[in-house]
Structures are given as C-alpha cells and as structure tokens.
Amino acid sequence: MQLSFFSRRLGVFARLAAGTFLLTFAILGVMLEASLGFSSAQADSGQANFSLQPVVYDPTNPLTESYFIFDSKPGIVVKSRVRVTNTGTATGSVSLYPVDATTGQTSGAVYLNQDDPRKDVGAWTTLGAQQLTLAAGQSQIVSFQVTIPSTVRPGQHLGGIVAENLAESSSPKNNSAIQIKVKNLTIIAIQVNLPGTPVEQLAGTGVQAGGDNGYQRLLVGLSNTGTVMLKPSGTLQVADTHGQVVKTISLKLDTFLPQTAINYPVAITGQALGAGDYQATLILTYGHGQTLHYTTKFTITKQQLVQTFGTNNGKTQAPAGLGGEGFLGLPLWQLLIVVGGGLAILWGVGKTVYGRLAVSRAKVKSADIQSQSSQQFKRPDIRQEPSGIQSKAKRTR
Amino acid sequence: MFRHRSKLVHVAVALVLLVISTMLWPSLGASATYALPILASPTAVCPTPGNNACITNTPTVGLPLNGLDQNVSYTLAFRLNNATPGTWHVTITSTLFTAGSHTLSSTASSVTAVAIVPSCTGSTCPQNTIIYPVAVPAGNTAPAPNTFYDNSPGTQTHGQGTFTIQATIQVTVPANSFTGNYSSTVTISFVSGSP
C-alpha cells in the first residue's frame with residue numbers, strides 16, 4: 000500500500016509546490032540549528048600575549064617604571080631600551096612600531112594607528128627591531144632612539160611604541176548576523192619634555208546638540224592651544240531663553256594633549272532638553288590656577304530630537320535590552336502560516352491515507368462478501384433422476 | 000463528485016505551500032535566531048606578570064531583522080595585568096560593520112557598561128573614571144580610539160594586579176539594514192602607563 004503524499008492523485012503542480020515547501024523548511028531547519036545558542040570562540044589555552052616595559056627607570060620617578068619620560072633638547076638623539084615579553088603560553092609573533100598620540104574624543108591620551116601619518120614623537124622614534132617571534136615566557140630587549148628635530152615646538156610631546164599581536168582573534172564562521180574580530184595591542188608611552196616657557200592655554204570652540212540611541216549629548220568643542228598637557232575640570236551650565244538654568248553638569252576631563260582639539264561629549268541625564276534655543280556657560284579650571292570662562296548659544300531642533308530618541312519624546316532612555324521576536328526568531332504571523340501549512344499537509348496526507356485504507360477495506364470486504372456469496376450459492380452436482388426416485392429420496396431424509 | 004472535490008482540496012493545499020515558501024525565502028538570508036549575548040568563560044591562562052591584557056572571548060551575535068530599529072549587545076571579555084604603579088587605560092576603536100557592500104553606521108556601536116568580574120574591593124582595585132556610554136569609533140579604517148576603561152587617577156596601589164574585565168557593547172541595527180553577516184574588527188589597546 001503506497002502511503003506517499005506524492006500520490007498519483009496530485010498533479011505535477013501540487014508535487015512541485017510540496018517539494019518547494021519541504022526544501023525551504025529543510026534549509027531553514029539547518030540554518031536554525033546552526034545558529035541557535037551561543038556562538039563564541041573561547042580563547043585557546045595556548046596563546047601568545049605581549050607586554051612592554053622600560054628596561055631602566057628613574058627610581059626618583061615611579062612613573063618611569065610604566066612608561067618612558069625623556070627630558071631633552073632639540074637636536075638631541077635619545078637612546079633607550081624596551082623589554083618585550085611573551086607573557087602567554089604559546090610561541091607568537093609581535094609587530095613593533097612607533098605612533099603619535101592624540102587626545103581622544105572623551106579626553107585622555109590615545110594612540111594613533113600604524114597607518115596614520117606620524118608628525119611628532121612617532122616620526123622621531125626608530126626601533127631596533129620591527130618584528131619578533133618569542134616563545135612563551137621569553138623576553139627580548141629592543142633598543143630604540145628618539146631623534147628630536149632641531150626646530151620643534153617647546154613643551155611636552157607624546158608618542159608611543161605599539162606591540163601588536165599578529166594573531167588576530169576571530170569569531171567562528173557561522174550564520175550569525177554580527178561577527179567580531181579582535182585585535183589586541185599593548186602600548187607604552189614615550190613622553191618628551193623640551194625646554195621653554197610652558198604655556199597653559201585652553202579655548203572653547205562651540206557647543207552643539209547631538210546624541211543617538213536614546214542618549215542626548217552636548218558636544219563641547221575644546222582646544223588645547225598651549226604647550227603642555229592639561230587635565231581640566233569644572234562645570235557646564237545650560238540656561239533657556241529666559242535665563243533660567245535648566246542643567247548644571249560637572250566635568251572632569253582626562254589628559255588633554257597640547258595642540259589637539261576635541262568635541263567633548265557631555266551626557267544629558269534625567270529629563271532631556273527640548274527643542275529650542277539655549278545658552279551654555281563653560282567654566283573649567285586647569286594647569287596652575289588657570290580658568291576658562293566660555294559662553295555660547297546653541298539650538299536643539301526637533302529633527303535632532305527625533306534622531307536621538309526616535310519617535311519617542313521624553314527623558315534619556317537606557318539602552319534597550321536583548322530582544323528577539325516570536326519563537327525561533329519568526330514573527331507571529333509567519334509562525335501561524337507555517338503551522339497552518341503543516342496542518343494542511345497533515346490533513347492532506349491523512350485524507351489520502353484514509354481514502355486508500357477505506358478503498359482497501361472496501362475491496363477486502365467486497366472480496367469477503369463475494370467469497371461468502373460464492374460458498375452459499377454453490378450447488379452439488381446432482382444429475383436429473385426420474386421423478387419417482389427423487390420423490391422417494393426426499394421422503395427418507 | 001467526490002473525486003473532483005478531493006482534487007480541489009489537494010490543489011488548495013499546494014497553493015498554501017507555495018505561498019508559505021515564498022514568504023519564508025527572504026528570511027533564509029538572515030539569521031533566524033534569537034538575539035543572544037555572547038560570553039565565554041575566560042579559559043586562557045593569561046595574562047602573566049607584565050603590563051598587558053589579553054582577550055578571552057570572540058563574540059558573535061545573531062539578530063533577526065523584523066522591520067524595526069533594534070539594539071543588540073555583546074560582551075567583550077579580557078584579562079588585564081598591570082604590574083607597575085600609575086595610571087593606565089584601555090582604548091577601543093573599530094572598522095565599520097560590513098556585509099559585502101553594505102555597512103552599518105559609524106555610530107552604531109557604543110560601550111554601555113564595564114565591570115570587573117568578580118567585583119573588586121580594596122586598595123588595589125582600578126579607579127575607573129569613565130562615564131558611559133562611550134562611543135566606539137568606526138570607519139573604513141579604524142579611527143583614533145576612545146578610552147572606555149581606565150585607572151585614573153591612579154595611586155601607588157590602585158590598578159596593580161590582574162583583573163578580569165567585561166565590557167558590554169551595544170550595536171544599533173536600523174530597520175532598513177540589508178540582511179547579511181556583518182563583520183567588524185575591534186581593536187583593544189592596553190596603554191600601560193601614560194600621562
């Protein structure tokens with residue numbers, strides 16, 4: 000008895016449709032199984048990892064244990080050494096290169112990429128080796144020199160030496176929508192102090208409204224036009240058109256390098272600022288008793304609010320948590336269609352099977368009935384006797 | 000009569016199957032999984048003494064596209080060792096999330112929280128001064144990084160030792176994003192000692 004959905008009762012059209020659906024479902028099932036659950040490449044127990052440390056340091060200045068500080072003059076070549084250690088558990092290769100430093104947008108010294116142009120300490124520094132291969136626990140001392148130009152701005156200059164692990168971690172290849180590769184760098188700073196009257200000077204360059212993903216921010220433009228590093232702190236006050244102070248925000252910035260500028264993001268907490276005109280008053284103290292007083296106007300537009308908060312108005316929102324839609328990632332309406340289609344298949348298959356069973360039983364029953372009928376109506380082979388003898392046979396029974 | 004009705008039923012079922020298949024085909028290009036945070040328990044024996052940090056997981060995240068703006072988070076875990084006194088900080092930058100010719104916004108990612116696991120108490124714990132969220136810079140080439148964790152101002156003892164740190168990074172995926180597997184290279188830099 001053939002119990003296949005692809006019965007001869009279905010036309011070619013129906014068979015193709017059923018086949019397409021089953022194929023789609025099969026592919027979807029494979030993809031679901033492949034991508035469900037965690038997907039993460041755990042760090043191998045054996046991997047290389049690199050650290051940088053000065054070989055010698057000034058015992059009177061503990062900071063020199065952590066990074067290089069050179070008090071020098073223009074036109075001088077400063078020579079020193081850095082210890083590169085593979086602190087991991089496997090042999091690995093590391094790339095070494097010098098870079099310039101700059102001020103990060105959220106303040107603090109950050110270090111530029113290998114491909115970025117070098118104009119300051121990064122350009123002055125030459126390493127004795129560009130690439131090393133070290134066994135686990137092995138160290139190697141690399142010499143380097145800093146050639147200070149004859150003509151150069153006085154004050155503080157900052158760069159660094161980067162140790163880039165040439166093994167890049169990658170997430171496993173699967174059907175996940177977002178995959179991350181991670182590069183791990185270790186950087187040691189090189190600070191060069193050149194003689195000259197230190198200039199401590201900070202300037203405000205503007206305030207702009209901004210923000211996204213539910214976080215409203217004011218971008219405060221700042222520029223260190225002096226010759227030394229600064230760590231400003233103070234307050235930002237925001238007043239509306241009536242002069243009423245609507246926000247007072249404390250600020251504390253990290254290292255701000257000389258001859259750099261940033262748009263420092265100030266987060267608006269609590270009730271967000273609505274659309275309109277405002278006045279910002281920035282008061283920052285820095286250096287040796289220096290103070291910046293900066294006042295400027297800015298405008299928040301409705302379009303900016305929409306960009307920050309979407310169609311919701313209101314206070315700054317926390318980031319949305321994790322979320323998925325429906326079961327197995329399918330929206331409800333798609334799920335209903337899939338379930339409905341499955342039920343339709345079952346109904347069709349069941350109907351076909353039942354029909355065949357019914358036909359089969361009917362045939363069997365019919366065969367039984369015919370068999371019984373043939374037995375009931377079967378007569379013995381009796382020859383025709385003369386009438387007198389038959390009558391006598393009947394009487395004797 | 001019964002035979003004709005049966006055929007009509009079968010054709011109707013076939014039509015339903017075709018419609019379902021047509022609706023399901025677009026979702027084959029996207030990952031039909033529930034968005035999950037990815038966190039691997041640190042298993043690497045790292046770091047060892049010396050100023051360095053090592054990453055202990057490489058996360059991936061699945062995200063079904065449903066026609067709405069969505070936020071998805073992943074956790075970046077790393078171990079950090081600092082043996083010398085003074086300030087240090089950890090910076091982050093990245094390349095754009097890219098799937099073929101399609102990219103997410105340069106402002107798609109931000110660090111929303113950083114925690115030491117297990118939580119740290121005592122005079123050796125880092126004094127983190129960073130306020131979150133911190134934008135993760137992104138570009139065709141990784142731009143200048145942002146500091147997302149630090150030990151500043153550091154005293155003689157604060158920030159010395161080994162710490163397991165977990166950073167939560169949120170990625171905003173707009174409703175009109177193209178389906179695909181988006182990949183980004185995130186660069187973490189441990190600056191051991193810096194003014």
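Going line by line, the protein sequences match chains A and B.
Quick note on numbering that gives the first Met the number 0: the first sequence kicks off at 0 and runs consecutively.
Quick note on numbering that gives the first Met the number 0: the second sequence kicks off at 0 and runs consecutively.
The beta-carbon is built from N, C-alpha and C at its ideal position, and this holds for glycine as well.
Name the chain B residues that come within less than 7 angstroms of threonine 259 of chain A, Cβ to Cβ?
Going along chain B, no residue has its Cβ under 7 angstroms from threonine 259 of chain A, so there is no contact; the nearest lies around 10 angstroms.
Under three-state DSSP, which class holds arginine 78 of chain B?
strand
DSSP-derived helix/strand/coil call for phenylalanine 308 of chain A:
helix
Mind listing which residues of the segment 122 to 146 of chain B have their C-beta closer than 9 angstroms to chain A's C-betas, in chain order?
Thr128, Ile129, Ile130, Tyr131, Pro132, Val133, Ala134, Pro136, Thr140, Ala141, Pro142, Ala143, Pro144, Asn145, Thr146
Assign glutamine 178 of chain A to one of two classes, buried (16 or more other C-beta atoms within 10 Å of its C-beta) or exposed (fewer than that).
Burial call: buried.
Start and end residues, beta strand (DSSP E) containing glycine 220 of chain A:
Segment 214 to 223, the beta strand (DSSP E) holding glycine 220 of chain A.
Output, in chain order, the set of chain A residues within a Cβ distance shorter than 9 angstroms of proline 84 of chain B.
Under the 9 angstroms cutoff, chain A gives Pro61, Leu62, Glu64, Ser65.
What did DSSP end up calling glycine 103 of chain A once you bin it into helix, strand or coil?
coil
Is the number of C-beta pairs between the segment 59 to 70 of chain A and the segment 108 to 119 of chain A that are closer than 8 angstroms three or more?
Judged by Cβ distances under 8 angstroms, the segment 59 to 70 of chain A makes no contact with the segment 108 to 119 of chain A, as fewer than three pairs qualify.
What residues in the segment 102 to 119 of chain B have a beta carbon less than 8 angstroms from any beta carbon of chain A?
Thr106, Ser109, Thr111
Any 3 or more C-beta pairs closer than 8 angstroms across the segment 139 to 157 of chain A and the segment 182 to 191 of chain B:
no
So, are the CB atoms of isoleucine 299 of chain A and alanine 238 of chain A less than 9 angstroms apart?
no
Taking alanine 122 of chain A as part of the beta strand (DSSP E), name the residues at either end of that continuous run.
Run containing alanine 122 of chain A: none in the beta strand (DSSP E); it sits in the alpha helix (DSSP H), 120 to 123.
Based on DSSP bridge pairs, tell me the residues matched to leucine 51 of chain A.
A/Val83
Taking 9 angstroms as the CB-CB cut-off, is leucine 51 of chain A touching chain B?
It does: the Cβ of leucine 51 of chain A has a partner Cβ on chain B nearer than 9 angstroms.
Along the segment 176 to 194 of chain B, where does the CB come closer than 7 angstroms to a CB of chain A? Name the residues.
Asn180, Tyr181, Ser182, Ser183, Thr184, Val185, Thr186, Ile187, Ser188, Phe189, Val190, Ser191, Gly192, Ser193, Pro194
Got a sec, what are the start and stop residues for the beta strand (DSSP E) leucine 165 of chain A sits in?
First-last for leucine 165 of chain A: undefined, no H or E at that position.
Listed by chain order, chain A residues near histidine 88 of chain B by CB distance under 7 angstroms:
Gly107
Whole-angstrom C-beta distance between isoleucine 130 of chain B and tyrosine 148 of chain B, which should lie under 8 angstroms:
Not a contact, Cβ separation roughly 12 angstroms.
Given that glutamine 139 of chain A touches chain B, what residues does it touch there, using C-beta distances under 7 angstroms?
Close to glutamine 139 of chain A, with beta-carbon spacing below 7 angstroms, lies no residue of chain B; the smallest spacing is near 13 angstroms.
Can you tell me where the beta strand (DSSP E) with valine 109 of chain A in it begins and where it stops?
108 to 110
Is it buried or exposed, valine 55 of chain A, if we count other Cβ atoms within 10 angstroms and call 16 or more buried?
exposed
Taking proline 53 of chain A as the reference, which of A/Ile186, A/Gly87, A/Val227 has the closest Cα?
A/Ile186
Between leucine 165 of chain A and serine 92 of chain A, how many whole angstroms is the CB-CB distance? I'm expecting something under 8 angstroms.
4 angstroms
Taking 9 angstroms as the cut-off, decide whether the C-beta atoms of phenylalanine 297 of chain A and aspartate 276 of chain A are in contact.
Going by C-beta atoms, phenylalanine 297 of chain A is nearer than 9 angstroms to aspartate 276 of chain A.
Counting only beta-carbon atoms, is phenylalanine 162 of chain B nearer than 9 angstroms to chain A?
no
For a test of the three-state rule: what should DSSP assign to histidine 241 of chain A, helix, strand or coil?
coil
Excluding the 5 residues preceding and the 5 following glutamine 137 of chain A in the sequence, name in chain order all residues of the same chain whose CB lies nearer than 7 angstroms to its CB.
Same-chain partners within the cutoff: Asn85.
Applying a beta-carbon distance threshold of less than 8 angstroms, which residues of chain A neighbour tyrosine 73 of chain B?
Ile177, Ile179
For a contact defined as C-beta to C-beta under 7 angstroms, what are the partners of serine 151 of chain B on chain A?
Asp253
Taking the Cβ atom as the reference point for each residue, do proline 58 of chain A and glycine 158 of chain A lie within a distance shorter than 9 angstroms?
no
Phenylalanine 37 of chain A in three-state terms, based on DSSP
In this prediction, phenylalanine 37 of chain A scores a pLDDT of 27, lower than 50, which makes its location untrustworthy; the coordinate-derived value is nonetheless stated afterwards. Here phenylalanine 37 of chain A sits in coil by DSSP.
The segment 259 to 267 of chain A / the segment 283 to 297 of chain A touching (three or more Cβ pairs under 8 angstroms):
no
Assuming the contact rule is C-beta atoms closer than 8 angstroms, valine 15 of chain B and glycine 340 of chain A should be a hit. Round their C-beta distance to whole Å, please.
Yes, valine 15 of chain B and glycine 340 of chain A are in contact; Cβ-Cβ is about 5 angstroms, under 8 angstroms.
Counting C-beta neighbours from all protein chains within 10 Å, is the total for tryptophan 346 of chain A 16 or more, i.e. buried, or is it exposed?
exposed
Residue nearest to glutamine 306 of chain A in terms of C-alpha spacing, selected from A/Gly213, A/Val191, A/His241
A/Gly213
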